[in-house]
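S.K.:
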Amino acid sequence: MSNETVVVSHPLVQHKLSLMRDKELSTAQFRRLLAEIGPLMLYEATRDLALTTREIETPLARMQAPVLAGKKLCFVPILRAGLGLVDSMLDLVPSARVGHIGLYRDPVTLAAVEYYLKLPDDIAARQVILLDPMLATGHSAVAAIARLKQRGATAIKFICLVAAPPGIATIHEAHPEVPIYAAAVDAELNDHGYIVPGLGDAGDRLFGTK
Ligand code: URA
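According to the working numbering, the sequence shown is numbered sequentially starting from -2.
(1) Look at the Cβ atom of residue 98, then the Cβ atom of residue 74, and state whether they are nearer than 9 Å.
(2) Kindly list the residues whose CB is nearer than 8 Å to the CB of residue 181, restricted to its own chain and excluding five residues on each side of it in sequence; keep chain order.
(3) At which residues does the alpha helix (DSSP H) containing residue 20 begin and terminate?
(4) Could you round the C-beta distance between residue 92 and residue 69 to whole angstroms and report it? I think they count as a contact, below 8 Å.
(5) Who are residue 154's beta bridge partners in DSSP?
(6) Should residue 208 be labelled buried (16 or more other beta-carbon atoms within 10 Å of its own) or exposed?
(7) For residue 131 and residue 167, what's the separation of their Cα atoms in angstroms?
(8) So, helix, strand or coil for residue 208, using DSSP?
(9) Pairing CB atoms from the region 22 to 31 with CB atoms from the region 114 to 129, are three or more of them under 8 Å?
(10) Does the distance from the CB of residue 35 to the CB of residue 128 come in under 9 Å?
(11) Residue 31 and residue 81 look like a contact to me (Cβ under 8 Å); what is the Cβ gap, rounded to whole Å?
(12) Would you say the beta carbon of residue 198 is closer than 8 Å to some non-hydrogen atom of the ligand URA?
(13) Distance, Cα to Cα, residue 243 vs residue 7?
(14) Could you give the distance in angstroms between the alpha-carbon of residue 95 and the alpha-carbon of residue 143?
(15) Check the DSSP bridge columns for residue 113 and list the partner residues they point to.
(16) Can you pull the DSSP bridge partners for residue 94?
(17) Going by DSSP, what residue range makes up the beta strand (DSSP E) through residue 63?
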């Protein structure tokens, strides 16, 4: 399917996101909620993972038991804020690999500038889950997806928490085959490229840098 955006409307996701938006929330609480919401988003994004069966023996009988087949996962957080989703996702899928891509937004042009890239060698064989809590202009995500494809990735999904319509449109236009999973689609971007109402700067709130 192309140009797919899935808004994860699960009440736990919605509740946690609302708590995260509150500007009075402490850094520790923000970090904790981001970690809690990560696996819930991952649960939705992995709904279509292929299954096969394996014969196992329970204490009572032999059975054909469903187990994951096909591509193994690779999480790729966009630094910095994407890091806040990784550890708890690894709790859910401990065998996943983790790549990292460092992109910062040029404050004037809002263009994505790459400063770090480290991916597993077998990225082409993996289902890549690209992570960034905020999808604003979409420049970082589009640049990250392009780099992943350059390195051979063919199966990519993007998970964020808050998306803005321009970011969604930008990804869909540049990479229509990449589905987007978001907890909310907010109204708009302000002049500085921040999502409104949004939750502020996710990196600063996660790491307490402002
Ligand atoms: N990045 C953020 O952290 N927040 C926004 O609102 C937009 C981009």
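Just so you know, even glycine gets a beta-carbon here, dropped at the ideal spot from N, CA and C.
M.R.: According to the structure shown:
(1) Here residue 98 is taken as the residue at index 101 of the sequence shown, counted from 1. Here residue 74 is taken as the residue at index 77 of the sequence shown, counted from 1. In contact: residue 98 and residue 74 (Cβ atoms closer than 9 Å).
(2) On the sequence shown, position 184 is the one that residue 181 refers to. For residue 181, where only same-chain residues beyond five positions count, the Cβ hits under 8 Å are 4, 11, 14, 158, 159 and 160.
(3) Residue 20 sits at position 23 when you count from the first residue of the sequence shown. Looking at the DSSP string, residue 20 is not in any alpha helix (DSSP H), and its letter there is neither H nor E.
(4) Position 95 of the sequence shown, counted from the start, is the residue given in the question as residue 92. Position 72 of the sequence shown, counted from the start, is the residue given in the question as residue 69. In this structure, residue 92 and residue 69 form a Cβ contact; the two beta carbons are roughly 7 Å apart against a cut-off of 8 Å.
(5) Here residue 154 corresponds to residue number 157 of the sequence shown, with the count starting at 1. DSSP lists 126 as partners of residue 154.
(6) This structure leaves residue 208 out entirely; the chain is present only between -2 and 207.
(7) To locate residue 131, count along the sequence shown from 1; it is residue 134. To locate residue 167, count along the sequence shown from 1; it is residue 170. One C-alpha to the other measures close to 14 Å.
(8) In the structure as shown, the chain begins at -2 and stops at 207. Residue 208 is therefore absent and cannot be evaluated.
(9) no
(10) Reading the sequence shown from its first residue, position 38 is the one you call residue 35. Reading the sequence shown from its first residue, position 131 is the one you call residue 128. Against a cut-off of 9 Å, the Cβ pair of residue 128 and residue 35 comes out as a contact.
(11) As a position in the sequence shown, residue 31 is number 34, starting the count at 1. As a position in the sequence shown, residue 81 is number 84, starting the count at 1. Their Cβ separation, rounded to whole angstroms, is 4 Å, which keeps residue 31 and residue 81 in contact under 8 Å.
(12) Walking along the sequence shown from the start, residue 198 turns up at place 201. For the ligand URA, at least one heavy atom lies less than 8 Å from the Cβ of residue 198.
(13) The structure shown does not extend to residue 243, since the chain is modelled only from -2 to 207, so the question has no answer here.
(14) The residue labelled residue 95 in the question sits at position 98 within the sequence shown. The residue labelled residue 143 in the question sits at position 146 within the sequence shown. Taking the straight line from one Cα to the other gives about 18 Å.
(15) For the purposes of this step, residue 113 is taken as the residue at position 116 of the sequence shown. Assignment of beta-bridge partners to residue 113 by DSSP yields 99.
(16) Start at 1 with the first residue of the sequence shown, and residue 94 comes out as number 97. Residue 94 is bridged to 71.
(17) As a first step, residue 63 is located in the sequence shown; it is residue number 66 there, counting from the start. That run of the beta strand (DSSP E) goes 59 to 65.
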